[in-house]
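Protein chains in written order, with our numbering: chain L, 639 to 947; chain A, 2 to 420; chain P, 4 to 290. For each residue, glycine too, the CB sits at the ideal point set by N, CA and C. Worksheet for the structure shown next.
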C-alpha cells in the first residue's frame, strides 16, 4: 500500500509541475490536460449515480451547463473567480434536488428516459431564457481575468477532489446504502435504508462536482452556449467514460476518462469520420463481453465486490 | 475494492504520460522560407458540408498564390511559397480551440485562418488574441465575436444585424419605387440560434428607426429541426402582414415553405433569410420557390470580373459553389496574403497593423472592398447581396444597386391554384 | 373557421404522424421490456432507404415501403439473434446501452454513405392538400390513415393470431410460455423484427414529410418516448391515444404559447407523466 501512496503522490507532483517542465509547448498540453482533468472529475462524479447507485443518467450535462452558466454570469458581473465556483456547485446541487427527488423513484430504464427528458428540457430552457443566458448566442467571458494555466490547476484540484469524494462516499454508510439500493430497492427499504434520500444525496454530490467542472470549463473556454454545455453528446460521453474504464469502481471512471480523451485524439488523426461508429462499437463490445467495463479486462481481479448495474 | 487499488495509479500514470508525450512529441519548427497558414475546419460532424467548401476555397486561393510564385515578403527579398495546414475540428468548439493552440505553438504557423460557424469562431478566436497572432474569419458573423475589444481578430463577414439592415434598405428602395406598401407590415420568424437572434435584433432596430416605413406585426422564434410549423403558419395567417421574413436553416426552410404553400398563404414578399436559392429547393418545392428573396454574403452570380474569374476556376476544379463559403474562404486567404505583402514581413504585429489599415479593392465580396472598421471591432460592414429566384431557375441580384443583374419582381405575382 | 377547431384538426392529423413514429418502439418495449435506443436509427435508415429508392428508380415511398419494411424485419431478427439476445438476461441497462451503440454505428454509416447533406423526396403530390374544412397536406392524411390501419391491424394480430398471442405470452411470462411449448428465443427475435419493421414503416412515411439527414432520428426518438410513456408503454391503442394527445398539445402550445414552446411540451409531458402517472393514459382510464 505504501508503494501506491508514493506513486500517487509522485503522479500528482509531476502533474502539478508539468506546465513548467514542458516549457514553450505547454499551452497546448495545458489545454488538453484541462479537458482531461474535467473529464476525470465528471466521470467519477457520474459513477456515483450511474455505477454505485445503479441509476444510469443520460442527462448529467444539465449540471455541467448549470455550473457553467452560473460561473459565467457571476464572472461577467465582476465576482472574483474562485468565488464563482461555489455558487456553481450549489446551483447544480439544488437543481439535482429539484428533479432528482421525483425522478429517482423511477427505476432503471425509466429513470434513464426521464434524464434524457430533463437534459433536453434544460437545454431548451437555456435557449429560451434569453435575458439571463443570452439565448442561443450564449455568454462570453472577459479574457483578461484568467488564463488557461489557472484553469489547469483548478481542474487538477477538482479531479483530485472528485476522486477523494468518491472514495469517501464508497467507504461511508451512504455508499453502503446506495449499493444496497442498487441491488434491491425493496430489500434495502425493509432494512431501514431510505432509498429516496440516499439516492438524492448521491445525485446532489455528483451534481455539485459536475457543476464545478462546468464552471471551470467556462473559465477555460471564455464562452458558454447552450448547444455546447448542455449537449446530449456530453452526457453520452460521461457514460462512455465510465463504461470504458469500469462502472462502479473508484479508478475505473478516471481511467476511462483518460482513455476516452486519448481515443478522441487518435480518432481525430486516423479515423476522423468514424468516431461515432467507434464509440458505438465500444459500447456494443463492452456490453456483450464485459459489462463491468473494459478496464476490468486489464486487471484480472474483480474490481468491486459486486457487479455493475 | 481494496485489492484493485494496486493496479490503478499505474494505468493512470501511463495514460498521463502518453498524453504528455503526444503533445510534446509533435515536432514543429517555424520555417523562414515559406509562409505557413493554419486553420481548423469542420470536416466531419454537423458542419461538414460547409467545412469542405471552405477547405476547397482556401486550397484554391493558396494554389493560385503559389502558381504566381507565392507571397512577396520584402524582408526576405523574394516571393515565398505558401503552405496550408488544415486540421479537422469536428464541428466542436473545444477541439477548435485545442487545435488552434496546436497550430500556433506546435506547428508554428504565421497566421490563422478561421474555422466555420459562429459558435466555433467565438470560442476559437480567444486563441489568436492570447497568442497574439493575426486571425481573419470568413466563417463567423455574430457581432458578439467582435464586441470583446480584441486586436487580432478580423471579420470578413458583415454581421447578421447588418444583413437585416440590408434587407431593410432594399425594402425601403422598393417602397420608394412604389412597389411595396408604405408603411409595410412585416411578419418575422427566426430560428433560435445566434444567427436568428442577430437577425431579429437588426430588423427590430431598423423598424424602430423608421416607424413610418415598417411595423412588426409578428415576431416569433422557433427551434431548429422542428417537425411541425402549422402553429407558426396559423399565426402568420392571422397576422395580416404585407411581407414574411424568416431566418432559417435549410430543413426548416423546406418545411416552413411547404406548410406555407399548402395553407395557401400569400404575401408581397417572402424570404427565408439566406435560404431559397438552393437548386434542391426547386426540386422539392417546384414552382413554389419562384420569386423567393434571399440574402447572401456572397453569391456566384455577382457580376464583378474578379468574382466571375474565381467562380470559373472553382467550378472547374470542385464543381458548383453551393453557397457563400468558397467565396469567403478564397477572399480570406487573399486578404491575409495582401496583409503580409503590405506589412513587408511575417512579423505578427506588422501583419496585424496591415490588416487594421487595409482598404483593398478588387475583392470578390459585395461592394468589392475589404476593410475593417475599428468602430465595429474590426468586422467589415459591407452590404449583403439580395437575390430573387426567377421562374426559369435563374437567380437575379436585386440589391445593392452596384451589383444588380435585373429588376426585382415585387409583389409576387398571383399563381394559379396549386392543387 | 374558429382557431380552436383548426388547432384540433391539425393536431389530430399531426398525431397520426407521431403514432407511426412511435409504434416500433412501443412494440419492442411492450413485448420485451427493452428500451430500444436504436429506434431513431431505424427511422433514419428506413427514411434513407425510401429516399434512395425514389432517387434512383423513381419508386414512390409507399411502394418502397413494401421493400424496406420486410428487409427491416429480417435485419431486426438477425440483430436480435446474434447481438441483442446476448444481453437480455443481464441488467436491463446493458441492452439499452448496447442498442444505443448500435444507433451510433448506424449514424456513422449514414454519414459515410450519404454524407451529412440534406435529402428530400420530391413527390408529385407533395404539396397537394385535402380540404377538411382547412387545407390539410395530403401526405399527412395518408400517414394518418396508415396509422389507423396499423393500430387496427396490430390489435387484430395480437388478439386473434397465433403469432400475436404467442408474443403476448412471452411478454407476460417467458417461463410459462416456454413450458407451453413456445420457443421464447424465436418468438423474441420475431417480435424484435416486427418492432424494427414497424419502425421502418414509420421512417418511410416520415421521409415523405421531412428532409432527411443522418441526424433525422434524434428528435423523433425523444418524442417517441413521450408517446409510449403517455400510452402506457405496452398498449397499441394507448400509443395512438398518446400520439394524438401530443399532437394536439404541441399544436395548441405553438399557437397559443409560441413556436418556442412546441418542443418543450413533449419533454415536460414526458417527465410529468413518468413521475406522476407512470401508467400513462390507460392508467387514468382504468382508475
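Item, Value
"Quick one: list the residues of chain P neighbouring residue 928 of chain L, beta-carbon separation under 7 Å, in chain order.", "By Cβ distance, chain P contributes nothing, its closest Cβ being about 11 Å from residue 928 of chain L, past 7 Å."
"In chain order, which alpha helix (DSSP H) runs of at least 4 residues are fully inside the segment 280–347 of chain A?", "280–286, 306–319 and 326–344"
"Mind reading off the beta-carbon distance from residue 128 of chain A to residue 110 of chain A? Whole number of angstroms is fine, and I expect it under 8 Å.", "With 8 Å as the limit, residue 128 of chain A and residue 110 of chain A do not qualify as a contact, their Cβ atoms being about 11 Å apart."
"Which of the three DSSP states, helix, strand or coil, is assigned to residue 777 of chain L?", "strand"
"Should the segment 261–272 of chain A be called in touch with the segment 355–373 of chain A, which here means at least 3 C-beta pairs below 8 Å?", "no"
"Does the contact criterion of 3 or more C-beta pairs under 8 Å hold for the segment 193–205 of chain A versus the segment 220–239 of chain A?", "yes"
"By alpha-carbon positions, which one of L:887, L:753, L:801 and L:814 ends up nearest to residue 275 of chain P?", "L:753"
"Since residue 18 of chain P and residue 249 of chain P should fall inside the 8 Å C-beta cutoff, what is the C-beta to C-beta distance between them, to a whole number of angstroms?", "7 Å"
"Looking only at C-alpha atoms, which of L:874, L:785, L:801 and L:830 sits nearest to residue 665 of chain L?", "L:785"
"Give the list of continuous beta strand (DSSP E) stretches no shorter than 3 residues that lie fully inside the segment 165–192 of chain A.", "185–192"
"I want to verify the contact list: residues of chain P whose CB lies under 8 Å from the CB of residue 1 of chain A, in sequence order.", "Here chain A has residues from 2 to 420 only, and residue 1 of chain A is not among them."
"Quick one: give me the first and last residue of the alpha helix (DSSP H) that residue 58 of chain A is part of.", "49–68"
"Considering only residues of the same chain and omitting the five flanking positions on each side of residue 268 of chain P, which have a CB-CB separation below 6 Å?", "252, 253 and 256"
"By the three-class DSSP mapping on this structure, what secondary structure does residue 77 of chain A have?", "helix"
"Looking at chain P, which residues of the segment 845–873 of chain L have a Cβ within less than 7 Å of any of its Cβ atoms?", "none"
"I need the boundaries of the beta strand (DSSP E) containing residue 389 of chain A, first residue and last residue.", "386–390"
"In chain order, what residues of the same chain lie with their CB nearer than 6 Å to the CB of residue 413 of chain A, ignoring the 5 residues before and after it?", "292"
"Listed in chain order, which residues of the segment 215–247 of chain A have Cβ atoms closer than 7 Å to some Cβ of chain P?", "221, 222, 223, 224, 226, 227, 228, 229, 231, 232, 233, 235 and 236"
"Looking only at its chain, what residues have a beta carbon closer than 6 Å to the beta carbon of residue 654 of chain L, apart from the 5 residues adjacent to it on each side?", "none"
"Return the bridge partner residues of residue 86 of chain A from the DSSP annotation.", "A:39"
"Would you list, in sequence order, the uninterrupted alpha helix (DSSP H) runs of no fewer than 4 residues that lie entirely inside the segment 848–933 of chain L?", "864–867, 870–883, 890–908 and 913–927"
"Hey, does residue 758 of chain L have any beta-carbon neighbour from chain P nearer than 8 Å?", "yes"
"My output table needs one value for residue 399 of chain A: the three-state DSSP class, helix, strand or coil.", "strand"
"At the level of alpha carbons, what is the spacing between residue 142 of chain P and residue 131 of chain P?", "8 Å"
"Would you call the segment 823–831 of chain L in contact with the segment 885–898 of chain L, where contact means no fewer than 3 C-beta pairs closer than 8 Å?", "no"
"List the residues of chain A whose Cβ lies closer than 8 Å to the Cβ of residue 669 of chain L, in chain order.", "98, 99 and 102"
"Taking the straight line between their C-alpha atoms, what separation do you get for residue 6 of chain P and residue 267 of chain A?", "19 Å"
"Please confirm if the segment 32–46 of chain A is in contact with the segment 113–126 of chain A, defined as three or more CB-CB distances below 8 Å between the two stretches.", "yes"
"Hey, quick one: how far does the alpha helix (DSSP H) through residue 91 of chain P stretch, first residue to last?", "It is not in any alpha helix (DSSP H) - residue 91 of chain P carries neither H nor E in the DSSP assignment."
"Helix or strand or just coil, what does DSSP make of residue 221 of chain A?", "strand"
"Give the interface partners of residue 252 of chain A over in chain P, defined as CB-CB distance under 8 Å, in chain order.", "121, 213, 214 and 216"
"Hey, could you find the ends of the beta strand (DSSP E) residue 427 of chain A is sitting in?", "Within the shown structure, residues of chain A are numbered from 2 to 420, placing residue 427 of chain A beyond reach of any answer."
"Measuring only the C-alpha atoms, how far is residue 403 of chain A from residue 383 of chain A?", "12 Å"
"If you draw a straight line from the C-alpha of residue 95 of chain A to the C-alpha of residue 48 of chain A, how long is it?", "15 Å"
"Is there at least one Cβ from chain L nearer than 8 Å to residue 56 of chain A's Cβ?", "no"
"Between residue 1 of chain A and residue 85 of chain A, which are expected to be in contact by the criterion C-beta below 8 Å, what is the C-beta distance as a whole number of angstroms?", "Not covered by the structure: residue 1 of chain A. The range shown for chain A is 2 to 420."
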